[in-house]
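Undergrad: According to the working numbering, the residues represented by the sequence shown are 1386 to 1697, in order.
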Amino acid sequence: MKGPLFYSKILLFGEYGIIKDSKGLSIPYNFYKGALKSDASVSKEATKSNKSLEAFALYLEKLTIDEPKLVSFDLDTLKSDVAAGMYFDSSIPQGYGVGSSGALVAAIYDKYAQHKITVLENLTREKLLKLKTIFGKMESFFHGKSSGLDPLNSYLSLPILINSKDNIESTSIPSQNAEGKGAVFLLDSGIIGETAPMVQIFMEQMKNDGFRSMLKNQFIKHTDACVEDFVNGNIKSLFGNLKQLSHVVLDNFKPMIPTKFHDLWKKGIDTNDYYLKLCGSGGGGYILGFTEDLEKAKTALKDYKLEVVYNF
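Printed below as a string of structure tokens:
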């Protein structure tokens, strides 16, 4: 057995902000992918994944009992497939902010959910929100708390525009310009990030009035502006807002930025060669970068591994 492929995602804008109703923009990233598999593999990864699926199946059984109106699964088939050694074969790096658990959740829903909402339907806002809720409940097995956005992106393989918590839509983004000098890229921090502790730090900081006010008046303001600019292709305005956003993150989200990247982050803002921002919850994994001149950014970041995601 080999299931359909589900891709990784990149949340271009909205990390942390979407918890507090900022806009967000998430795009599929087809470089990494995963699929459910059943074969004779006894590799360490396959065995570990199979064990995790065993625990996940028990969690989904409880979810079906607790919220029967929300979602139900063909648990008998799921359990017998897991007992027969099924695992999630994935190239998506874990702890890198590109949605490894999201792709797995999407694959399980696709194969085992009953009365599932499919990609071929007319995806009304209600259906998208229902999917997001189901995926949030499923993915919280891995993260403690999940918006459901990563699996949604992986499941639909479409860019998703988050207007607010209760208002999401699939969207189109300007097509890439292969000849363009500008780019969005991923920078490998070389450290695995853990989502739960980072979200914990954020929730603690949210108890502080000054932090809450910064989030609303600076972080969310610039995030929303970046989303609007990106979707509408306003590149000049986008880079002005990105610079501000990068600055706000460096000043207020230091625990989420690996220490050895603090100076590199500031250098980008000072030289305008590139601007960095968090990719997912931070703490390690990938860092997102934006540049109007990819060659300049490559020179400035020559000691780091750079993966281009999108060309302007």
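Backbone N, C-alpha and C fix where the C-beta goes; we use that ideal spot for every residue, glycine too.
Using a Cβ-Cβ cutoff of less than 7 Å, which residues in the same chain neighbour A1568 once the five nearest sequence positions on both sides are dropped?
TA: Excluding its 5 nearest sequence neighbours in each direction, A1568 has C-beta neighbours in its own chain below 7 Å: T1676, L1679, V1693, Y1695, N1696, F1697, listed in chain order.
Undergrad: Can you tell which of T1462, I1403, S1542 has its C-alpha closest to the C-alpha of A1330?
TA: Since the first and last residues shown for the chain are 1386 and 1697, residue 1330 lies out of range.
Undergrad: Would A1703 and D1658 be called neighbours here (beta carbons separated by less than 7 Å)?
TA: Here the chain has residues from 1386 to 1697 only, and residue 1703 is not among them.
Undergrad: Do three or more CB pairs link the segment 1542-1556 to the segment 1401-1418 at distances below 8 Å?
TA: These segments touch.
Undergrad: Mind checking E1430: buried by the 16 CB within 10 Å criterion, or exposed?
TA: exposed
Undergrad: May I ask you to report which of helix, strand or coil DSSP gives Y1497?
TA: Correct three-state label for Y1497: helix.
Undergrad: In chain order, what residues of the same chain lie with their CB nearer than 8 Å to the CB of S1622, ignoring the 5 residues before and after it?
TA: A1610, D1614
Undergrad: For E1361, does the three-state DSSP call read helix, strand or coil?
TA: Residue 1361 is absent from the structure shown; the chain starts at 1386 and stops at 1697.
Undergrad: Is the CB-CB distance between I1502 and K1517 below 7 Å?
TA: no
Undergrad: Report the residue ranges of all alpha helix (DSSP H) runs contained in full by the segment 1616-1668; include only those spanning at least 4 residues, in chain order.
TA: 1620-1637, 1647-1656
Undergrad: Which value, in whole angstroms, describes the spacing of the CA atoms of G1653 and S1428?
TA: Their backbone Cα atoms lie some 42 Å apart in a straight line.
Undergrad: If contacts are defined as beta-carbon pairs under 8 Å, then S1457 and Q1499 qualify, I think. What distance do you get, rounded to the angstrom?
TA: 5 Å
Undergrad: Check G1487 in the structure and name its three-state DSSP category.
TA: It is helical.
Undergrad: Check the DSSP bridge columns for F1520 and list the partner residues they point to.
TA: Answer is none; F1520 lacks a bridge partner.
Undergrad: Name the DSSP beta bridge partners of Y1392, please?
TA: K1418
Undergrad: Are the CB atoms of K1662 and S1631 within a distance shorter than 7 Å?
TA: The answer is yes: Cβ separation under 7 Å.
Undergrad: Can you give the Cα-Cα distance for K1530 and V1612, rounded to whole angstroms?
TA: 24 Å
Undergrad: How about Y1660 and L1635: do their beta carbons lie closer than 7 Å?
TA: no
Undergrad: Around the C-beta of E1589, are 16 or more other C-beta atoms found within 10 angstroms, so that it is buried, or is it exposed?
TA: exposed
Undergrad: Can you grab the Cα-Cα spacing for the pair F1587 / F1604, in whole Å?
TA: 13 Å
Undergrad: Pick out whichever of S1532, K1496, L1397, D1466 has its Cα sitting closest to the Cα of F1391.
TA: Relative to the Cα of F1391, the nearest Cα in the group S1532, K1496, L1397, D1466 belongs to K1496.
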